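**Q** Pasting a structure below so you can have a look.
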């Protein structure tokens, strides 16, 4: 199972919006509406941000939203804030109870 | 509140085995599967496998088949991940993470395993 493909880095200024893509295959992202997204600050455990492609867990800001088209899922962060600077990972169900993660994207808030 | 508390850091020699524990609290232990995910230094997240604490069934990523064993102790609400035949490339932070739907939601604090001669 190959890792999902994410851009290594993205950046944006405070108040702007950014989008992080996550490209998989017809065996994972394309087959299921089961992509989740995680935020990870240095030295910390990942934080659950989006599940089932578009849903936000309780307590997650509505500035974070998810979408999917074909084999590519996306995370959009609107109204960028300094505390959004972190690494972001996508994760997709890949069948038979297995998961596959993306390589991660470093978000820099300029 | 949901908490997953993992065992402390380990240093192991190549060829040895390591067993990491993850104690759950704040929810019904047997009602949620548990994932194991690792992260090598400066690298991304890698899914290792999953265990059903209720029945004990497991599914492992193909990469770790034959080297990883996941078990659970329902009397203490603890899951374990044992990795054998350690090599330097296994140096990583190992996380347990509860499954909701299919996705990991709550994560443990991580356990650093260092493999060095």
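Chains as they are written, first to last, in this note's numbering: chain W, 1 to 110; chain D, 1001 to 1117.
For glycine and all other residues, C-beta sits at the position ideal for the given N, C-alpha and C.
From a predicted model like this one, the values you see are computed outputs, not experimental measurements.
Are the C-beta of residue 1109 of chain D and some C-beta of chain W separated by less than 8 Å?
**A** Yes, because at least one Cβ of chain W sits closer than 8 Å to the Cβ of residue 1109 of chain D.
**Q** At a CB-CB cut-off below 8 Å, which residues of chain D make contact with residue 8 of chain W?
**A** Per Cβ cutoff of 8 Å: no residues; residue 8 of chain W is ~10 Å from chain D at best.
**Q** Tell me which residue opens and which closes the beta strand (DSSP E) that residue 80 of chain W is part of.
**A** Run containing residue 80 of chain W: none; DSSP gives neither H nor E here.
**Q** In three-state terms, what does DSSP make of residue 1031 of chain D?
**A** Correct three-state label for residue 1031 of chain D: helix.
**Q** Return the chain-ordered list of same chain residues with a C-beta closer than 7 Å to the C-beta of residue 1099 of chain D, the five sequence neighbours on each side being excluded.
**A** Taken in chain order, the residues that qualify are 1032, 1033, 1034, 1035 and 1050.
**Q** How about residue 85 of chain W: is its C-beta nearer than 8 Å to some C-beta of chain D?
**A** It does not; no Cβ of chain D falls within 8 Å.
**Q** Is the Cβ of residue 104 of chain W closer than 8 Å to any Cβ of chain D?
**A** Output row for residue 104 of chain W: interface = yes.
**Q** Report the rounded CA-to-CA distance for residue 1104 of chain D versus residue 51 of chain W, giving the unit in angstroms.
**A** Going by the C-alpha atoms only, they are around 9 Å apart.
**Q** Could you list the residues in the stretch 41–64 of chain W with a C-beta less than 7 Å from some C-beta on chain D, going in chain order?
**A** Those would be 45, 46, 48, 51, 52 and 57, in chain order.
**Q** Looking only at C-alpha atoms, which of W:97, W:72 and W:102 sits nearest to residue 89 of chain W?
**A** Selected option, being the one with the closest Cα: W:102.
**Q** Assuming residue 100 of chain W contacts residue 6 of chain W (C-beta within less than 8 Å), just tell me the rounded distance between them.
**A** That belief does not hold up - the Cβ atoms of residue 100 of chain W and residue 6 of chain W are roughly 12 Å apart, past 8 Å.
**Q** Taking a contact to mean a Cβ-Cβ separation below 8 Å, would you say residue 93 of chain W touches residue 4 of chain W in this structure?
**A** Taking 8 Å as the Cβ cut-off, residue 93 of chain W and residue 4 of chain W do not qualify as a contacting pair.
**Q** Alpha carbon to alpha carbon, how far is residue 1096 of chain D from residue 9 of chain W? Give it in angstroms, no decimals.
**A** Computed Cα separation, rounded: 27 Å.
**Q** Going along the chain, which residues of its own chain have a beta-carbon closer than 8 Å to the beta-carbon of residue 1117 of chain D, five neighbours each way excluded?
**A** For residue 1117 of chain D, where only same-chain residues beyond five positions count, the Cβ hits under 8 Å are 1013 and 1014.
**Q** Going along chain W, which residues have a C-beta under 9 Å from residue 1066 of chain D?
**A** Near residue 1066 of chain D there are no residues of chain W at all, since even the closest Cβ is about 16 Å away, more than 9 Å.
**Q** Is the separation between the beta-carbon of residue 1004 of chain D and that of residue 1094 of chain D shorter than 8 Å?
**A** No, the Cβ-Cβ distance between residue 1004 of chain D and residue 1094 of chain D is not below 8 Å.
**Q** Which one of D:1074, D:1058 and D:1017 has the shortest CA to CA distance from residue 1029 of chain D?
**A** Closest option to residue 1029 of chain D, Cα to Cα, is D:1074.
**Q** Could you run through the stretch 7–36 of chain W and flag, in chain order, every residue whose CB is less than 7 Å away from some CB of chain D?
**A** For the stretch 7–36 of chain W, which is checked against every Cβ of chain D, the residues closer than 7 Å are 34 and 36.
**Q** Closest to residue 1120 of chain D by CA distance: which of D:1061, D:1078 and D:1114 is it?
**A** Because residue 1120 of chain D is not part of the residues shown, which for chain D are 1001 to 1117, the question remains open.
**Q** Can you have a look at residue 66 of chain W and say buried or exposed, based on whether 16 or more other CB atoms are within 10 angstroms of its CB?
**A** That one is buried.
**Q** Look at the alpha carbon of residue 24 of chain W and the alpha carbon of residue 31 of chain W, and state the distance between them as a whole number of angstroms.
**A** Answer to the nearest angstrom: the Cα atoms are 10 Å apart.
**Q** Near residue 1021 of chain D, what residues of its chain come up, given a Cβ to Cβ distance below 7 Å and the 5 sequence neighbours on each side ignored?
**A** Answer for residue 1021 of chain D: 1006, 1007, 1078 and 1080, listed in chain order.
**Q** Taking the alpha carbon of residue 1060 of chain D as the point to measure from, which residue in W:87, W:76 and W:96 has its own alpha carbon closest?
**A** Nearest C-alpha to residue 1060 of chain D: W:96.
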